[in-house]
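Colleague: Sharing a structure here in structure tokens format.
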Amino acid sequence: MAREVIRQFLPLLEEEGRGAATDDSAGRDRHYLPDTPEEDPYQAGHRTCAGCGPAIEYRWVLKAAGQDTVVAGPTGCMYVANSTYLCTPYTVPWAHTPIASGGSFTAGMAAGYEALIRKGRHPGPYPNIITMSGDGSAADIGLGAISGALYRNHDALFICYDNECYANTGIQVSPTTPYAGMTTFTPYGKAIPEGTRLPPKNLARMMAEGHPHCYVATATVGYPVDLMNKTRKGLNHRGAAFMHCFTPCQKGWVYQTSMTVEIGRRVVEAGLFPVWEYDPAERKYRYFHPPVQRPVTDYLAMQGRFGHMLAEHIATVQRQANRNWETIGMDVPAELRAGEDPEHHRRLRDETYSMPLNRGVGA
Amino acid sequence: MTTAGVEGAWAQKRDYGPGSRTPDGERLLADLAGTRKRLNGCAAAAYAALYANVDVITAYPIRPYTAIMMNLSQFVADGLLDAEYLVADGEHSQLSAAFGAGSCGARAFTGSSGVGVTYAYEMYSIISGARIPVHMSIADRTLDPPGDFGSEHTDALCTRDMGWLMGWAATPQEVFDKTLIAMAIGEDPRVLLPQMAVQDGYFVSHIAGEVEMPSAAQVDAYLPPYRLPFPLDPRRPVSHGPQIHPSQGPPLQLERARAMEDAIPVIRQKTDEFGATFGRHYAHFVEEYLLDDADIALVISGGHSVTCRAAIRLLRERGIKIGMARLMWVRPFPSDDLRAALRHVRAVGVVETNLGLGGSTYGGILAPDVTTALYHGQNRPLVTSFMAGLGGETVPAAEFDWMAGKLTQALERGAVEKPAHWVGFED
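Take a look at the structure:
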């Protein structure tokens, strides 16, 4: 006879004044998190770069998920840098999958555990099942597989760690590479001064709109408690969940390695990566309204990949940011609205902005 | 011994025991035991999966294998089979999902046809290299172009060097049996390899034959529960498929090559055990038909062997000393058994129902393997091949007669005319 599949429940961490979902500027700099789990299923022993955003994301997500978890890692930098034969940074079961198989392999794991537990072949409880797909995997080659898995509503959390390029292969353009973010497939030059000409896909929105029964959220490494709680909400959600996590890539974006978390906040404060949650029960989006709104130059100027940008390119990005502010229901301050005019800017190398951290150009 | 044959406490644990069946499923199998059912090849494969109590089924539609999945979806819908039935978004995902399920310790069943088989191509090496014994049921279909539903073995044969056990069944009964035999071999801890049980599209997949239905107890005795020694299980964390340093490549590839060789004795053992359990005895690797006194012989695989056997009987009545060697497995390729079967034969013709464009014979895929196997024997017969039944065309007795004529001519001349004949296009 079929047995009941017992599922886990992960309690949420206290967020008041600490998370992205709360609108409290006072807690913004509180990094001391005594209530987070001590266990680290993502351990030392990997070979990621100093200041690696995806490694930070991996650590917080697995901390939130805990030990009773199974992870699939499609090909990407977090496959190549993390796993070396005869050595592993994971204390949870982890499997490499082909780059297009993040959604499908994970669907198979979920189906496998449903059947194994139901048929009495595994004692349970149902493990937390997570896939960590890069943006190339999730937004490009494996998009169909993740969409299929969300459509079928497997009880699993599908995460896209987004470093806005194919970083593993040497910084090539992906569908989430921002407009004017240069990559080795979209270098800037006389004929193409902006480098990347296309605006990015809105991956998380596509997942939420296209799979309205799923829990969908966006997060960044700038807000760890928010990231952990969204991980837990996604895992607690009975059915498929998708989380799009902004994870800066020091190697690909060319910034000072200590600035990963700061960039994870500034991208939100510049209006370029709205942080939100989609509640499938109410079919509503809950947007995080950051306490600070910055001009996009405060974000762009920190990174060498934008160092070639000309005035009209900056104005284009500011336009995108302002539309994002409107979408999430925030007023666009007059100064930011003025930034839609190229006359308002100089080329990025000559701009003045807060915290001038990178004067380099490159990817 | 390969590393996959993990010794130790975990591998010995009687965990991942037999899965429960549904009450209706148990009643059905009890009623079926000892009866004969008229099933086509697709239904026979589905019934084998039902008996094997598979845990996860991953489907995607493409003719003609679709009927296997249609039968299974009905079993699940009727509450006869407790399995997760997953309709994937393409064959690549279909194989990936079966891979994921198999990696967690679930018995995974999948399948495809034609370009569906090749759409999933990336997955074959990865699944076999990970040593996950997924089962794949293929009903052959011609690759595009031309757009064609007919059977041609090229689809499955394209994947022949990817580390899967691969063999053809010639009747619905054989499809049923081969499915169980392949699972028993592939899941054996000494082997741990994925398997393709292949049947010709339409000739086998859609033509009914009588299939003997065993009892569930017989199948359970023959096919133990799926127990991967290293599942993705939080109780004992493992990492699958890490990156390696190039210096680690040669030994790992050697292990994969040896895994194929190591499967050979297990295939013999499991084939014998199957005969002892179910009373149907198959040749381990090469079915020999009238070879003892044959001067010439045809080497063949799959459903056309049924016609071939009948044609050979008629040729024998006319005094032509011809026999047939049927390949029960194409991977691992049965070099030793084929050599032994053809040790007295002086001219051999390989019937190619596949396309190997630009290969060493400028014909098909099998002849180079057959020729290599025979080259290393004491008796080196003349070898040629016949391109027949392409695009799903039948291979009638008259064409087998023509092949026999070509082999007789080769014997008289002491040399073959050419390495590959296109039957129907030559005098």
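As given, the protein sequences belong to chains A and B, one line each in that order. Under my numbering, read the first sequence as residues 1 to 363, first letter to last. Under my numbering, read the second sequence as residues 364 to 790, first letter to last. Cβ coordinates follow ideal geometry from the N, Cα and C atoms, glycine included.
Report the neighbours of B/Y379 on chain A: residues whose CB is nearer than 9 Å to its CB, in chain order.
Modeller: As a working note, residue 379 of chain B is residue 16 in the second sequence. Result: L116, R121, H122.
Colleague: Per DSSP, what kind of secondary structure is B/W692 in: helix, strand or coil?
Modeller: For the purposes of this step, residue 692 of chain B is taken as the residue at position 329 of the second sequence. Coil.
Colleague: Would you say A/V92 lies against chain B (beta-carbon separation less than 8 Å)?
Modeller: The count along the first sequence starts at 1 and reaches residue 92 of chain A at position 92. Yes, contact with chain B.
Colleague: So, for B/L591: in the same chain, excluding its five sequence neighbours on each side, which residues have a beta-carbon less than 6 Å away from its beta-carbon?
Modeller: By one-based count along the second sequence, residue 591 of chain B stands at place 228. Contacts found: G468.
Colleague: So the beta strand (DSSP E) B/G463 belongs to, where does it begin and stop?
Modeller: For the purposes of this step, residue 463 of chain B is taken as the residue at position 100 of the second sequence. Careful: B/G463 lies outside any beta strand (DSSP E), inside the alpha helix (DSSP H) at 454 to 466.
Colleague: So, does the stretch 68 to 78 of chain A touch the stretch 129 to 139 of chain A, judging by three or more C-beta pairs under 8 Å?
Modeller: Touching, yes.
Colleague: What residue range does the alpha helix (DSSP H) around A/W364 cover?
Modeller: Residue 364 of chain A lies beyond the range of chain A shown here (1 to 363); nothing can be said about it.
Colleague: Answer with buried or exposed for A/T69, where buried requires no fewer than 16 other C-beta atoms within 10 angstroms of its C-beta.
Modeller: Numbered from its first residue, the first sequence carries residue 69 of chain A at position 69. Result: buried.
Colleague: I'd like the ranges of any beta strand (DSSP E) spanning at least 3 consecutive residues and lying wholly in the stretch 596 to 681 of chain B.
Modeller: Those beta strand (DSSP E) runs which fall completely within the stretch 596 to 681 of chain B and span 3+ residues are 649 to 652, 659 to 663.
Colleague: Counting only the same chain and skipping the five closest in sequence on each side, list residues whose C-beta sits under 6 Å from that of B/S488.
Modeller: Taking the first residue of the second sequence as 1, we reach residue 488 of chain B at position 125. So the list reads M525, once near-sequence residues are dropped.
Colleague: Taking Cβ to Cβ, would you say B/E454 is nearer than 8 Å to B/G492?
Modeller: Working through the second sequence from its first residue, we reach residue 454 of chain B at position 91. Working through the second sequence from its first residue, we reach residue 492 of chain B at position 129. It is not a contact, given that the beta carbons lie outside the stated cut-off.
Colleague: Using 8 Å as the limit for Cβ to Cβ distance, is A/Y42 near chain B?
Modeller: Residue numbering aside, residue 42 of chain A sits at position 42 when the first sequence is read from its first letter. Not one chain B Cβ lies under 8 Å of A/Y42.
Colleague: Have a look at B/A646 and B/T634 and give me their C-alpha separation to the nearest angstrom.
Modeller: Working through the second sequence from its first residue, we reach residue 646 of chain B at position 283. Working through the second sequence from its first residue, we reach residue 634 of chain B at position 271. Their Cα atoms are separated by approximately 8 Å.
Colleague: Does the distance from the C-beta atom of A/R305 to that of A/G234 stay below 8 Å?
Modeller: One-based indexing of the first sequence puts residue 305 of chain A at position 305. One-based indexing of the first sequence puts residue 234 of chain A at position 234. Taking 8 Å as the Cβ cut-off, A/R305 and A/G234 do not qualify as a contacting pair.
Colleague: Helix, strand or coil: how does DSSP classify A/V254 here?
Modeller: Position 254 of the first sequence, counted from the first residue, corresponds to residue 254 of chain A. Looking at A/V254 - three-state DSSP - the assignment turns out to be coil, as it is neither helix nor strand.
Colleague: Hey, would you say A/A129 sits closer than 8 Å to A/R3, going by beta carbons?
Modeller: Indexing the first sequence from 1 puts residue 129 of chain A at position 129. Indexing the first sequence from 1 puts residue 3 of chain A at position 3. The sequence shown places Ile at residue 129 of chain A, not Ala. In this structure, A/R3 does not lie closer than 8 Å to A/I129 by Cβ.
Colleague: Near A/G124, which residues of its chain fall below 6 Å by C-beta distance, leaving aside the five closest residues on each side in sequence?
Modeller: Position 124 of the first sequence, counted from the first residue, corresponds to residue 124 of chain A. Cβ neighbours of A/G124 beyond the five flanking positions: I6, I117.
Colleague: If you reduce the DSSP assignment to three classes, tell me which class B/M750 lands in.
Modeller: Within the second sequence, numbered from 1, the residue matching residue 750 of chain B stands at position 387. B/M750 falls in the strand class under three-state DSSP.
Colleague: Under 7 Å between beta-carbons, which chain B residues line up against A/M1? List them in chain order, please.
Modeller: For this step, residue 1 of chain A is matched to residue 1 along the first sequence. Chain B residues near A/M1: S383.
Colleague: Quick one: Cα of A/E209 to Cα of A/A64, how far?
Modeller: On the first sequence, residue 209 of chain A is found 209 positions in, with the first residue counted as 1. On the first sequence, residue 64 of chain A is found 64 positions in, with the first residue counted as 1. Computed Cα separation, rounded: 26 Å.
Colleague: Taking 6 Å as the limit between beta carbons, can you name the residues of its chain near B/V582, skipping five residues before and five after?
Modeller: Position 219 of the second sequence, counting from 1, holds the residue named residue 582 of chain B. Y414, listed in sequence order.
Colleague: I want to verify the contact list: residues of chain B whose CB lies under 7 Å from the CB of A/H96, in sequence order.
Modeller: One-based indexing of the first sequence puts residue 96 of chain A at position 96. Going along chain B in sequence order, the residues near A/H96 (Cβ under 7 Å) are H603, G604, P605.
Colleague: Residues of chain B with CB under 7 Å from A/D68, in chain order?
Modeller: For the purposes of this step, residue 68 of chain A is taken as the residue at position 68 of the first sequence. By Cβ distance, chain B contributes P597.
Colleague: Could you spell out where the beta strand (DSSP E) holding A/P74 opens and where it closes?
Modeller: For the purposes of this step, residue 74 of chain A is taken as residue 74 along the first sequence, with counting starting at 1. Segment 69 to 74, the beta strand (DSSP E) holding A/P74.
Colleague: Under a three-way DSSP split, which group does A/E277 fall into?
Modeller: On the first sequence, position 277 is the one that residue 277 of chain A refers to. It is a strand residue.
Colleague: Pop quiz: A/V221 and A/A204 are said to be a contact at Cβ under 8 Å. What is the actual Cβ separation, rounded to whole angstroms?
Modeller: Counted from its first residue, the first sequence places residue 221 of chain A at position 221. Counted from its first residue, the first sequence places residue 204 of chain A at position 204. That pair is no contact at about 16 Å.
Colleague: Can you give me the C-alpha to C-alpha distance between B/I490 and B/V497, rounded to a whole angstrom?
Modeller: By 1-based counting over the second sequence, the position of residue 490 of chain B is 127. By 1-based counting over the second sequence, the position of residue 497 of chain B is 134. One C-alpha to the other measures close to 8 Å.
Colleague: Starting from A/R72, find everything on chain B with Cβ-Cβ shorter than 8 Å and list it in chain order.
Modeller: Working through the first sequence from its first residue, we reach residue 72 of chain A at position 72. Note that residue 72 of chain A is Ala in the sequence shown, not Arg. Neighbours of A/A72 on chain B, chain order: G463.
Colleague: So if I threshold CB-CB distances at 7 Å, which residues from the stretch 568 to 584 of chain B count as touching chain A?
Modeller: Correct list: empty, as no residue qualifies.
Colleague: Quick one: complete alpha helix (DSSP H) runs, 4+ long, within the stretch 304 to 354 of chain A?
Modeller: The qualifying runs are 311 to 327, 334 to 338.
Colleague: If you draw a straight line from the alpha carbon of A/Q318 to that of A/P295, how long is it in whole angstroms?
Modeller: To locate residue 318 of chain A, count along the first sequence from 1; it is residue 318. To locate residue 295 of chain A, count along the first sequence from 1; it is residue 295. Answer to the nearest angstrom: the Cα atoms are 7 Å apart.
Colleague: By alpha-carbon positions, which one of A/A110, A/G45, A/L62, A/K119 ends up nearest to A/L86?
Modeller: Counted from its first residue, the first sequence places residue 86 of chain A at position 86. Ranking the options by Cα distance to A/L86, first place goes to A/G45.
Colleague: Can you give me the C-alpha to C-alpha distance between A/G66 and A/E312, rounded to a whole angstrom?
Modeller: Residue 66 of chain A sits at position 66 when you count from the first residue of the first sequence. Residue 312 of chain A sits at position 312 when you count from the first residue of the first sequence. Each residue's Cα considered, the two are about 47 Å apart.
Colleague: Decide yes or no for the touch test of the stretch 644 to 664 of chain B against the stretch 688 to 702 of chain B: beta carbon pairs closer than 8 Å, at least 3 of them.
Modeller: Yes: the two stretches touch, three or more of their Cβ pairs being nearer than 8 Å.
Colleague: Expressed to the nearest angstrom, what Euclidean distance is found between the alpha-carbon atoms of B/N742 and A/V173?
Modeller: Here the question's residue 742 of chain B lines up with position 379 in the second sequence. Here the question's residue 173 of chain A lines up with position 173 in the first sequence. Approximately 60 Å between the Cα atoms of the pair.
Colleague: Counting contacts by CB-CB distance shorter than 8 Å, is A/Y299 in contact with chain B?
Modeller: Locating residue 299 of chain A in the first sequence gives position 299, counting from the first residue. No - not a single Cβ of chain B is within 8 Å of the one on A/Y299.
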